[in-house]
Amino acid sequence: MVDQKYEPDMIEGTVEEIVFANDVNGYTVCVIDSGGEPVTVVGVIPYLSAGEHIKVTGVWQMHPTFGRQFRANAFEKELPQDEDAIFRYLSSGSVRGVGPVTARRIVDRFGSDTLEVLENHPEWLAEIRGITVARAKSIGESFCAQFGAREAMIFLNTYFGPALSIRIYKKYRSAAPDIIRANPYRLCDDVPGVGFAKADKVAHELGFSSDCPERLCAGIKHALMNAAYGEGHCYIPRHELIDQAARLLGAERASVSAALEECISQSSVVCTHMEGHDACALARIYTAERYTAAKLLLLKQNSLPFALEGVRDQIALSEKKQKIKYDERQISAIEAAVVSGVSIVTGGPGTGKTTVINAIIDIFESLGVKYMLAAPTGRAAKRMTDACGKEAKTIHRMLEAAYSDEGVSVFGRNEEDPLGARAFIIDETSMVDIFLMEALLRALKEDSMVVFIGDSDQLPPVGPGNALNDMIESGLFCVTRLDHIFRQAEKSLIVVNAHRINEGEMPELRRRDGDFFFMERLDSASLKALVCSLCSERLPNAYGMDSLDDIQVITPTRRGECGTVELNRALQESLNPPSHSKREKRLHDSIFREGDKVMQIRNNYDLVWNKGREHGEGIFNGDIGRITRVDTREEYFIIDFDGRVCEYAFELADDLELAYAVTVHKSQGSEYPAVIIPLLQCPSPLMTRNLLYTAVTRAKSLLIAVGDAHVMRIMTENDKKALRFTALPYFFRQYETKTEDVL
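Counting in this note's numbering, the sequence shown runs without a single skipped number right up to 737 at its last residue.
Here it is in structure tokens:
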């Protein structure tokens, strides 16, 4: 049911009652006296107390259950002025140590001057019966803290939305106005969600010049962040960084170069001569790569205390248990897991990676070695669990990831509190960026063993780094390449064509039987119509598939006629059209409706979920769910993420996307019964072999490519992989014989 909305309006009045307040996100339901009938106001209005005077800008709406109410988009708060309002304010519990009785005594004594006394002369409160000097001091301190929060929030709401204001306040507390006035660009480093563009806008409004040192340094770090999360670079050659930052800032190269020296002196940027040039990196990324290299080289020296002959006996027992005969490559991989502290198993679909994982588990269990299984995403962890019959966790969950109050991710498992297992098997390692790799390694004891499983021909991580490939290409670790397609997999045209694509050969498209089909459509309109028809009717009718649970559309790009944005709109209209029986909410450019398929696109360690009697926290990047309820009064969705049901506030919806169609990057680590791949011309950086290969290998039982065969040929023949500047190879060479100074 769509909200009925009216023209934007403004109301003001005194807060009579706080009906509901969420301390985490600031969502509030209150009743205000605006001079007529009491008005119910809903929205993000943090740190509100009864008795305060507020001005609220927003819209009237008719809620289907609770009737007419005013939805706040912006607000201003004023401290109460008259004695009745001051009494309501003090008796609301906002000031620690003051209840209704004490509030009445204070107001009776000081009248309309009460708040001035609390701020500047709290010792006068001791004149009142029942208030000691110590208690008077405590009441004054509590009021000043509340007053400071109010002043800070008024300042913050001038520049930021309510939710972001809360996050900034939690970081800086009442000092927020002074800190931001001194250097608004600090927000880029200190508060997730504040980017350079927002800080730059605030700085301009506060009077900072376009060539001030604070702006130039922030622009340099922003250029490095863009390189890290836009292109996966861990560093940029100095001259390229200066060029990029100068363009971004509209500044002279000489000014940027001088600012870069200042960043280096402040240790926020590191510049090192490597790979034939001066390389500049954010200190955080430099530290992550440096530590990763040193820790991997330290772990490499480990082995389990078992003779190789005994291990081979255990392999023979595993073959009997699994009723299988391992080939030589698989045996080498299994042995390496025991005799090498760091080993890598890489290979394409159908080459027996899962068989190797199960064999290694058998060996560890036979030898009494405590182990843990993990993968980067929830879907990859679930696949691992299903394939192995043993619990696999996401790496984030294994490391007990959480958010600090400021929204920064922290890991409960680290060097101070490492994981208790001796051995670790990490699947889908190609997806692991340098930050997650560092966090994982910091949580491993120095005698740990780790086996990395992955397909090095798939796309690199979305974040910075290329750890799996850097490890393989270093030649320093035991690497087993599985390249034999086993008989059962040979029957799958998906597997055969995936390997053909990986070898630069055009896949077989003319077969009318099997599990891989191509349907030609040369324009976007007919392609979208066919994709919708396949999802809504043809595949469900022909194969008995569920349109949402079994079929996934995977496309190379977000933008364009065949990108996720347009395809999701078309598929939502086809698979989950609007209905009077379905409530919905428009947020930004998207409509979220009951029944919609959605994807979490950023990690949120604090979202609480329930799964029957099980409770937990954390919904992670790539998790797919279904909206089961839209509550427009309390402003939240109920979303079922594969059995984990959570209450999802509207204000978090920036982390949510429709998921009828997803990008290839977002599909990594997942496997679907049926995959549909739209293929029309798209930006050249996306027309690559490894992107097509990654998309094809997401299909388990059925793959349908729809579009232009010429585009498929271009992608198959284009083996160019995007260059990533990473320092891991450099650090491997630096620390090959010495790691103590780093660890």
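Here a beta-carbon is modelled for each residue, glycine too, at the ideal position from N, C-alpha and C.
Short Cβ contact (8 Å threshold) for residue i with residue j
| i | j | result |
| --- | --- | --- |
| Ala143 | Tyr163 | yes |
| Asp356 | Lys315 | yes |
| Ala44 | Glu10 | yes |
| Gly20 | Ile39 | yes |
| Cys257 | Arg232 | no |
| Thr657 | Leu453 | no |
| Asp27 | Thr51 | no |
| Gly738 | Thr710 | The shown model of the chain, from -5 to 737, leaves out residue 738, and the question about it has no answer. |
| Val101 | Ile80 | yes |
| Leu109 | Leu73 | yes |
| Leu652 | Ser695 | no |
| Asp449 | Ser424 | yes |
| Ala655 | Leu533 | no |
| Ser297 | Ser334 | yes |
| Ala157 | Glu645 | yes |
| Gly342 | His493 | yes |
| Ala176 | Gly213 | no |
| Val185 | Arg161 | yes |
| Ala375 | Thr388 | yes |
| Gly187 | Ser132 | no |
| Ile488 | Ala693 | yes |
| Leu601 | Gly612 | yes |
| Ile338 | Ile479 | no |
Residues sharing a beta bridge with residue i, DSSP
| i | result |
| --- | --- |
| Ser403 | Tyr397 |
| Arg65 | Val36, Val53 |
| Lys387 | Ala368 |
| Gln594 | Leu650 |
| His267 | Asp272 |
| Arg638 | Phe635 |
| Trp118 | Paired residue(s): none; Trp118 is not in a bridge. |
| Glu72 | His47 |
| Asn604 | His609, Val639 |
| Ser337 | Val445, Cys472 |
| Met4 | Thr51 |
| Phe14 | Val23 |
| Tyr630 | Asp625, Ala643 |
| Pro231 | Ala273 |
Distance cut-off 7 Å: residue i Cβ against heavy atoms of the ligand GDP
| i | result |
| --- | --- |
| Gly498 | Ligands are entirely absent from the displayed structure, and the ligand GDP is therefore not among its contents. |
Endpoints, alpha helix (DSSP H) assigned at residue i
| i | result |
| --- | --- |
| Cys762 | Here the chain has residues from -5 to 737 only, and residue 762 is not among them. |
| Cys257 | 247 to 259 |
| Leu293 | 277 to 294 |
| Ile618 | Where Ile618 is concerned, there is no enclosing alpha helix (DSSP H), although the beta strand (DSSP E) it sits in stretches over 618 to 625. |
| Ser132 | 127 to 153 |
| Ser159 | 156 to 166 |
| Glu502 | That residue, Glu502, is in no alpha helix (DSSP H); it is neither H nor E in DSSP. |
| Glu359 | 347 to 360 |
| Val305 | 302 to 316 |
| Ala191 | 190 to 199 |
When the options are compared against residue i, the one with the closest alpha-carbon
| i | options | result |
| --- | --- | --- |
| Asp12 | Ile5, Gly30, Ile328, Gly37 | Residue 12 is actually Ile in this sequence, not Asp. It is Gly37 whose Cα lies nearest to the Cα of Ile12. |
| Val336 | Ser312, Gly362, Ala417 | Ala417 |
| Ala369 | Val404, Asn604, Gly663 | Gly663 |
| Leu347 | Ile419, Ile447, Thr626 | This sequence places Lys at residue 347; Leu is not what is there. Per the Cα distances, Ile447. |
| Pro116 | Arg123, Gly134, Val101, Thr126 | Gly134 |
| Phe300 | Ala239, Ile258, Glu329, Ser312 | Glu329 |
| Pro58 | Asp421, Glu578, Ala217, Val700 | Glu578 |
| Thr349 | Ile325, Glu6, Ser695 | Ile325 |
| Gln75 | Asp107, Thr388, Ser259, Glu322 | Asp107 |
| Asn615 | Ala643, Ala519, Leu650 | Leu650 |
| Ser141 | Ser88, Ile466, Ile354, Ala647 | Reading the sequence as shown, one finds Phe at residue 141 and not Ser. Measuring from the Cα of Phe141, the nearest candidate turns out to be Ser88. |
| Lys691 | Glu422, Asp702, Pro572, Asp441 | It should be pointed out that residue 691 corresponds to Thr in this sequence rather than to Lys. The shortest Cα separation from Thr691 among Glu422, Asp702, Pro572, Asp441 belongs to Glu422. |
| Tyr223 | Asp427, Leu737, Glu121 | Asp427 |
| Ile670 | Lys605, His659, Val639, Cys529 | Cys529 |
| Ala191 | Phe154, Ser168, Arg683 | Phe154 |
Run of the beta strand (DSSP E) containing residue i, from where it starts to where it stops
| i | result |
| --- | --- |
| Lys732 | Element bounds for Lys732: n/a, residue is neither H nor E. |
| Pro94 | First-last for Pro94: 94 to 104, but that is the alpha helix (DSSP H), not the beta strand (DSSP E). |
| Leu673 | 666 to 673 |
| Leu413 | That residue, Leu413, is in no beta strand (DSSP E); it is neither H nor E in DSSP. |
| Leu696 | 693 to 701 |
Cβ of residue i within 8 Å of any chain D Cβ
| i | result |
| --- | --- |
| Cys206 | Among the protein chains of the structure shown there is no chain D, as only one such chain exists. |
_Please give me, in chain order, every unbroken run of the alpha helix (DSSP H) with length at least 4 that falls completely inside the region 526 to 588._
533 to 537, 558 to 569
_Every unbroken alpha helix (DSSP H) within the region 421 to 500, with a cutoff of 4 residues, ordered by chain_ = 428 to 436, 461 to 468, 481 to 484, 487 to 496
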